[in-house]
Structures are given as structure tokens and as C-alpha cells.
Amino acid sequence: MIDLVRLRLSVGVHAEGSREMCVMEAAARLAGEAWTDRPVSVSPVLTALLTCLNDAMDDVQRQDLKRLIPILPGTRGEGGVEVVRSWMVLDWHCRTWPSAWLRAIGCTAVEAAPITDIESLRAALWTLHRASKAAAARREATRLGAFEQRSAGDEATYRLAVAYGKAQVDAVRAMSATSAWSAGWDLSRVYGPQAWDAARDHARSIGRDAALVCAWNACLEGPLTKLRSSMLALVRSLIEARQHVHG
Amino acid sequence: MSTVELLSVHVPKTAGTAFRNVLEGVYGAERIHTVYPTAGDSQTAELEDERWLADSLALCRRRGDGPRVVHGHYLLTWYADRFPDALKITWLRHPVDRLTSFYYMWREMDPWPASSPLQLAVREGRLDLLGLARSPAIRDQVTTRFLGDPGGSGLAFIGLQERFDEDLERLGELLEWPRVSAPRSNVNSSQAYSDRSVDGDLRAEIARLNPADMSLYEAVLERRWQPTRSGTAAARPRFRRARRR
Chain A
0 MIDLVRLRLS VGVHAEGSRE MCVMEAAARL AGEAWTDRPV SVSPVLTALL
50 TCLNDAMDDV QRQDLKRLIP ILPGTRGEGG VEVVRSWMVL DWHCRTWPSA
100 WLRAIGCTAV EAAPITDIES LRAALWTLHR ASKAAAARRE ATRLGAFEQR
150 SAGDEATYRL AVAYGKAQVD AVRAMSATSA WSAGWDLSRV YGPQAWDAAR
200 DHARSIGRDA ALVCAWNACL EGPLTKLRSS MLALVRSLIE ARQHVHG
Chain B
0 MSTVELLSVH VPKTAGTAFR NVLEGVYGAE RIHTVYPTAG DSQTAELEDE
50 RWLADSLALC RRRGDGPRVV HGHYLLTWYA DRFPDALKIT WLRHPVDRLT
100 SFYYMWREMD PWPASSPLQL AVREGRLDLL GLARSPAIRD QVTTRFLGDP
150 GGSGLAFIGL QERFDEDLER LGELLEWPRV SAPRSNVNSS QAYSDRSVDG
200 DLRAEIARLN PADMSLYEAV LERRWQPTRS GTAAARPRFR RARRR
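Which chain is which? The protein sequence lines are A and B, in order.
Just so you know, numbering that gives the first Met the number 0 puts 192 at position 193 of the first sequence, and the rest follows in order with no gaps.
Just so you know, numbering that gives the first Met the number 0 puts 137 at position 138 of the second sequence, and the rest follows in order with no gaps.
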């Protein structure tokens, strides 16, 4: 068995018998499987999503994933369940995730119908494109505003550039800790590679620009908190999808 | 456990290619994961960050015969986040000499499709050495863009290009490597670089533009810089397995 209270989740894969595990190694152990980070009893979509989050989150945030471990074994779905889950992850990445960033910078959320198939994905592309333009404009305004604040001389410009560079790093870290672009997308990608690529690029662009604005304005924590909570809800929805499909 | 045990940040123009040859001699070329931009990569800082992040995420899931060393031009924090137990090392060079060599490399190097506007400006002769040095993206590039820390904290070793052989020996002892030699490579062969003249005033101005890089370099030069002991202690026993192939 496994002591979830004392367990410490850490980044990457671990040697068999290690006291530290990643979230999926812990799920495999709980399920009584051989040591692996790809347990056969767990949905591959959930595995892809959670391993990516496990590795991108910082040590403190990562421990929040422990509460999911007991409900992961037995989630591997049959038939079309994993495809449904894949579309659910795609929908979250294209609507919920960028919308949280957009709202944080005062822009309109992605107003598209739920993405459940290739038609609804194509229908959402224009909205995503428009939202990415809005986020890019807000980011450019932030950049110009930041550099207009400088007084004459090299030093102020230099200090602003250093601060801006740090904001860029913070933004990428915030994006990665709340997302997993590769996870769960592969199955939905089969249905429309070009639309899939375009949707991913738009969503990432929105996140990249909006997170930078947030980092520069020192207000990253708001969207991060919302997205962490939303991610946990997404995982629970993915698990329930099995129950729904199985009736 | 991840296979990666050494993170080696190759600051451009600091004998990093010679050091890569050393690493290949110790660990075997197939166990070195290199991180360098390619012709198709965007040169913007944030897209570089995303690329390094994606690469480190994939790498930390490798098992068995995966890489033992990550070596290249990257911001240390992305790989340090993924490999907290790996030993972190780098090489420095006097910031004025490094930037001068870098400038002449860009002057001679054929531009890539995705070359940065700064690189193109140097290549096309629109930006001189001082102009490049004044660019915010270039100032204190080592501490802000590669190490992510003005004091080099978290690193277990910093060597200097100017005393490469001596410092390499010191590193070899630290990691209990077999004896290694390092022929020079990737030396700047530009005639303009050979003929360069960086006078005292220009040197002083470039040094002034890079206060954090100068400070760290001088601390290492004067042996005032202290390595991160915890990182060294954690990684050291694992290095005993390193053998020349």
C-alpha cells in the first residue's frame, strides 16, 4: 500500500522503490501494478495530462495532485471514451484556459460553443483568432507603456529590460504549470490536424501574451489560482466521462 | 530516477565546444543531450523559454540509457526545475572579451532565416561593438539570460575560460573523472577579430554596461565565489560511475 499523507510527489520518473514518486507512479503503486509512470489501469488522457502537470508545477503545487491519486486507478476507458476525454481536454485548453487569462487582462473571454468534434473546433477558430489578436494588442500596449516609463538614459532602459525578461520567464512558468498542451490532444488531433494546430497556436498565443501582461503587472496569482482549481475540476470531469459513457 | 546528473550551461564564447568534447570523452557522446538553437528556431527570448521548457519536460521522463548530461545554450532555471538533484556547472570569460568575440562571430556568421534583428544588424554592419553592448538584450546576458541569477547561486562549479586547463583539472577532481585533455576548438578565426582593437575607454564602457556579469566574473577570478555545497554533495557520489568510453 501507499501512505498518501507522507508521500512526496516530485518531478520526473523515479527508481523502483523510491520514497518519492510522480503522481502516476503513485497511482500505479496504489493499483498494485508494476512500477511505471504509465499504469495500464489509468486513462491515457489522464496520464498524459497529469504527468505533464506533475513535472511543470512547483513542489508545493504538485502536492495538490495527491488527492487525485485514489480516484485514478480503473479509469481507463473502452471504445470511444478516451476520444471523448481527448476532446474535453482540447475544449478546456481552447476555451477555459485562454478565457481565464483574457479575463485577467480585461479582455473578453473566448465566446465559442463547447468543442466536442472537428466541426465545433473549426467553428471556434475565428473566435480564438480574434481573442489572440486582442491579447497581443494588450501585450504590446503593456510593453510600450513599460518602456515609456523610463527616464532618459541607458540605466532605466536596462533595468526595465531585466524586469521584462523576468516577467517573460514568470509567464512561461505560469503557463506551463496550468496547462498540458500535448496531453490528451493526440486523439482529437486525428480528426483535424490543421484545425488542431491552429487552435493550439491561438490558445498558446493568448496565454503567452496575457500571462506576460499579468506577470508585468504583478497579478499572476489570480488567474493561476482559478486555473489550478479548474484543472482539478477538469480531471474529475474526465473521470466522470467514463461513468457517463458506460451509463 | 532521472538519468540526468549534470547540467552544463554553455555560455557562448567561453570554450564550451572544447568542454563538450571533454564531456563526450567522459560520458560518451550518446549520453550528452545538447541544447542549441537551429536554423528554424525563433530567436525571441520567450519562445526560447518555451522550447527549453518543452525539452526539459520530455527529458525528465527518460529512463535507462537516457542522457546523463545536458549541455548547451539555455536558461538554467528550466532544466534546474526539472532536475533538482543534478549538478549545475558553467564556464565564464571576462565579459568584455566574451562580448567582443561574440560580436565578431555574429559579424562573420551567415544569418539564419529566424535570426534576431540584433544579429542581422551586426551582420549587416549597422551595429558596432558598443552598439551591441548597449542593447538591453545583451547587457548582463550571462547572469540574466543563462544563469538566471546575478550571484550564480545553485551552481556547484564555475570555471574560467582563461584558466581552462587548471579549472578543468579542478572539476575533474570534484567529479572524480578519469584524466582528460581538451584540445581547443571553435576558436574565433575571424581576421577582423584578430585585428580587433578594444581600447581602454571602450573596455571600460562595456564593463560598465555589464555590472552583474563583471561582478560574478571577478568573484570567480579572485576565488571569492562559493559553490552551492548541497548540490555538490548530492551529486558527487553519482559521478563516481562516470567512465571514459
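Glycine is no exception: its CB is placed at the ideal position from the N, C-alpha and C atoms.
Computed from a predicted structure; not experimentally measured.
- B:Leu6 places its beta carbon less than 8 Å from that of B:Ala79.
- With a cut-off of 8 Å on Cβ pairs, the stretch 143-150 of chain B is in contact with the stretch 61-76 of chain B, counting three or more such pairs.
- Of all residues in the stretch 58-83 of chain B, the ones placed with a Cβ closer than 8 Å to any Cβ belonging to chain A are Cys59, Arg60, Arg61, Arg62, Leu74, Thr76, Asp80, Arg81, Phe82 and Pro83, in chain order.
- Within chain B, the residues placing a beta-carbon under 8 Å from that of A:Gln167 are Ala44, Glu45 and Asp48, ordered along the chain.
- Against B:Thr143, the close residues of chain A are Val161 and Gly164, in the order they occur along the chain (beta-carbon pairs closer than 7 Å).
- Taking C-beta separations shorter than 7 Å and ignoring five residues to either side along the sequence, the partners of B:Gly153 in its chain run Ala79, Lys87, Thr227 and Gly230, following chain order.
- Not one beta carbon of chain A lies nearer than 8 Å to the beta carbon of B:Met104.
- The three-state reading of DSSP puts A:His13 in coil, since its state is none of H, G, I, E or B.
- Within the stretch 47-62 of chain A, those residues whose Cβ lies closer than 9 Å to any Cβ of chain B are, in chain order, Thr50, Cys51, Asp54, Ala55, Asp57 and Asp58.
- Listed along the chain, the chain A residues whose CB falls inside 9 Å of the CB of B:Ala136 are Ala160 and Gly164.
- Its chain contains no residue whose beta carbon lies nearer than 6 Å to that of B:Glu161 once the 5 sequence neighbours on both sides are disregarded.
- The DSSP-derived three-state label of B:Arg207 is helix.
- Our two residues, A:Asn53 and A:Ser9, have alpha carbons roughly 7 Å apart in a direct line.
- Assigned with DSSP and collapsed to three states, B:Phe156 falls in strand.
- Each residue's CA atom was taken as its position, placing B:Ser180 and B:Leu159 some 16 Å apart.
- With a threshold of 16 other beta carbon atoms within 10 Å, B:Trp105 meets it and is buried.
- Between B:Leu52 and chain A, the shortest Cβ-Cβ separation is below 8 Å.
- Burial is judged here by how many other beta carbons sit within 10 angstroms of a residue's own beta carbon; B:Asp64 has fewer than 16 and is exposed.
- Between the alpha carbons of B:Pro83 and B:Pro11 lies a distance of about 24 Å.
- Listed along chain B are Arg60, each with a C-beta nearer than 8 Å to that of A:Asp36.
- B:Ser7 carries a strand assignment under DSSP once its states are collapsed to helix, strand and coil.
- Here A:Gly221 has Ala103 and Cys213 as same chain residues with Cβ atoms under 8 Å from its own Cβ, once five neighbours each way along the sequence are excluded.
- The secondary-structure analysis by DSSP pairs B:Thr33 across a beta bridge with B:His70.
- The stretch 33-50 of chain A makes contact with the stretch 65-76 of chain A, as at least three CB pairs between them are under 8 Å.
- When the beta-carbon positions are compared, A:Ala111 and A:Ala123 come within less than 8 Å of each other.
- The C-beta distance from A:Ile205 to A:Ala140 rounds to 15 Å, too long to fall under 8 Å, and the pair is not in contact.
- Within the DSSP bridge table, the entry for B:Ile88 names B:Ser7 and B:Phe156 as partners.
- Between A:Arg7 and A:Glu15, the alpha-carbon positions lie close to 15 Å from each other.
- Within the stretch 210-238 of chain A, Leu211 place their CB atoms closer than 9 Å to a CB of chain B, listed in sequence order.
- DSSP places B:Glu123 outside both helix and strand once states are collapsed to three, so it counts as coil.
- For B:Trp105, the enclosing alpha helix (DSSP H) covers residues Pro94 to Glu107.
- Residue A:Asp63 holds the alpha-carbon nearest to the alpha-carbon of A:Ala232 among A:Val4, A:Ile1, A:Ala26 and A:Asp63.
- The beta carbon of A:Trp86 is closer than 6 Å to those of Thr115 and Ser187 in its chain, skipping five residues each way along the sequence.
- With respect to B:Val69, B:Arg30 sits apart: the two C-beta atoms are not nearer than 8 Å.
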